[in-house]
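Before any comments, here is the structure.
Listed below in structure tokens is the structure:
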């Protein structure tokens, strides 16, 4: 038969008990501190979180105010365009280019200084080549253009998406355009159910594109 070990002295048991209590208390304090640091602070009741300012009013809000209204605005057909560039909203006076699978005039205009205008390019809806790539888009950024709307395709979309500009186009196509037929500029162009007239105003965001003869404010 195995003999039972002699009982531990009471002083040793007391020390062990106090040690376990200390460890338990420290673990509880550590857990409470971790929960506190991971908790998102809630603003006091009645306070508001400051919003990020934007220079382009929300298109939906403009529609609420001006449809119907004495100021006629026109809504571009939905599901026509995709968004590119890091700016999801943009607006400005319209300038135009009409060209077909050839983009010298697009480069020429975007190489000129701008006061925040929006270049509307009517490429006839062709999906066979791109009318703008990253080099031309970078010219638009450097010269202060507000945005570009293309009834056609772009390329280098990965690089354009990093740029501080808003772009709407029908899609992407890696093939570059020709350089033989420059087209015409600053003439009325029409596509997607809307006429784009130089000097009128264009507003674009995630919800769509609208055009107005006059500048719109909320």
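Residue numbers (this note's numbering): 717 to 934. The beta carbon of each residue, even a glycine, is placed where N, CA and C say it ideally should be.
Here the alpha carbon of residue 916 sits roughly 32 Å from the alpha carbon of residue 891. CA-to-CA, the gap between residue 833 and residue 860 works out to about 8 Å.
Taking 8 Å as the cut-off, the Cβ atoms of residue 801 and residue 879 count as close.
Annotation: the continuous alpha helix (DSSP H) that includes residue 826 extends over 820-826. Counting of Cβ neighbours within 10 angstroms places residue 872 among the buried residues, the total reaching 16 or more.
For residue 776, the three-state secondary structure derived from DSSP is helix. With contacts defined as CB atoms closer than 8 Å, residue 932 and residue 806 fail to qualify as a contacting pair. Contact between residue 773 and residue 929 fails: their C-beta atoms lie close to 16 Å from each other, not under 8 Å. Straight-line measurement puts the Cα of residue 905 at about 7 Å from the Cα of residue 913.
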